[in-house]
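Chemist:
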Amino acid sequence: MTFTLNKNTITKLVAIGALSLSTFGMASLSHALSPFEATYQFTYGNKKMGDATRKLSKIGNQWQYQFSSKIPVIGSATETSKFGFQNGLITSDSYQRRTKILIHSDTVNMNFNPSQKSITTSRKDQNRTLTWKSGVLDDLNAELQVREDLKKGALKSSYWIADYKEVEARKFVKEGSEKVKAANGKIYDTVKVRLKHDRATKNTIFWLAPSLDYLPIKVTHQDDDQSYGLLLKASK
19 MTFTLNKNTI
29 TKLVAIGALS
39 LSTFGMASLS
49 HALSPFEATY
59 QFTYGNKKMG
69 DATRKLSKIG
79 NQWQYQFSSK
89 IPVIGSATET
99 SKFGFQNGLI
109 TSDSYQRRTK
119 ILIHSDTVNM
129 NFNPSQKSIT
139 TSRKDQNRTL
149 TWKSGVLDDL
159 NAELQVREDL
169 KKGALKSSYW
179 IADYKEVEAR
189 KFVKEGSEKV
199 KAANGKIYDT
209 VKVRLKHDRA
219 TKNTIFWLAP
229 SLDYLPIKVT
239 HQDDDQSYGL
249 LLKASK
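Numbering (this note's numbering), first residue to last: 19 to 254.
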């Protein structure tokens, strides 16, 4: 089989951080979030492309969740979400995504302004003002909110998630449990969760381990004939 990468494919590869999620479990405390760092093996089709990391940290009352990935020689991506967390609910403050593909770079910025009922975004010198909605999340911290809701025993019917162009409702569905072998050779009991898409040819599935506080062990994403994946290598 011939293996080729065009610019659009590479962009999806290095920006795959938006595919993360956690899930399902027992009752949680209102301050259940705990800092962590995890490293993943990143694949395109069946080919290993590089590593990706996720890190959750806290400074004062503000939380920061960061995803970074790198494909040697080809490109890199970093996503950073800053937010508040109280009584099991995330309050989005800001989001940034930086990507570099060969000599091309791109930056997306979003700032959440609940007092003004607006979200300001920018990309490639194009600015937008979106309508803020209560509980609105970004692609990165949505993972953490879903995780907390499932720990309390119930997902919301949908979640408002913002990107630089729009705010849209998305739905996550639990699909039972499975054993998954991680890249480090360990086998984990996981809960399987699917992000529902409008197109039948687009499919995203997450496997999350209760023993690791519902950290994603495996993530797969199918978009037409292209497939991408993350598989846990290490966590702390």
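For glycine and all other residues, C-beta sits at the position ideal for the given N, C-alpha and C.
Identify every residue that forms a DSSP beta bridge with HIS122.
Modeler: HIS122 is bridged to ILE119.
Chemist: What separation, rounded to the nearest whole angstrom, lies between the Cα atoms of MET67 and ASN221?
Modeler: Answer to the nearest angstrom: the Cα atoms are 20 Å apart.
Chemist: Would you kindly work out how many angstroms separate the C-alpha atoms of ARG165 and VAL191, rounded to a whole number?
Modeler: Rounded to whole angstroms, ARG165 to VAL191 spans 12 Å at the Cα level.
Chemist: Leaving out five residues before and five after LYS13 in sequence, what residues of the same chain have Cβ atoms less than 6 Å from its Cβ?
Modeler: A query on residue 13 cannot be resolved here, the shown segment of the chain reaching from 19 to 254 and no further.
Chemist: If you count every other CB in all the chains shown that lies within 10 Å of the CB of GLY78, and 16 or more means buried, which is it?
Modeler: That one is exposed.
Chemist: Kindly give me the distance between the Cβ atoms of ALA201 and LEU250, rounded to whole angstroms, as I take these residues to be in contact under 8 Å.
Modeler: With a Cβ gap of about 6 Å, ALA201 and LEU250 count as contacting.
Chemist: Rounding to the nearest angstrom, what Cα-Cα distance links GLN114 and ASP124 in this structure?
Modeler: Those two C-alpha atoms are separated by around 11 Å.
Chemist: Give me, in chain order, the residues of the same chain whose beta-carbon lies closer than 6 Å to that of ASP242; leave out the 5 immediate sequence neighbours on both sides.
Modeler: THR219.
Chemist: Can you check whether the CB of ARG212 is closer than 7 Å to the CB of GLU193?
Modeler: Result yes, Cβ atoms of GLU193 and ARG212 sit closer than 7 Å.
Chemist: Is ASP216 helix, strand or coil by DSSP?
Modeler: Residue state, collapsed to three classes: coil.
Chemist: Quick one: give me the first and last residue of the alpha helix (DSSP H) that LEU169 is part of.
Modeler: Sequence inspection shows Lys at residue 169; the Leu mentioned does not correspond to that position. First-last of the alpha helix (DSSP H) with LYS169: 159-169.
Chemist: Is the CB-CB distance between VAL237 and LEU226 below 7 Å?
Modeler: Taking 7 Å as the Cβ cut-off, VAL237 and LEU226 do not qualify as a contacting pair.
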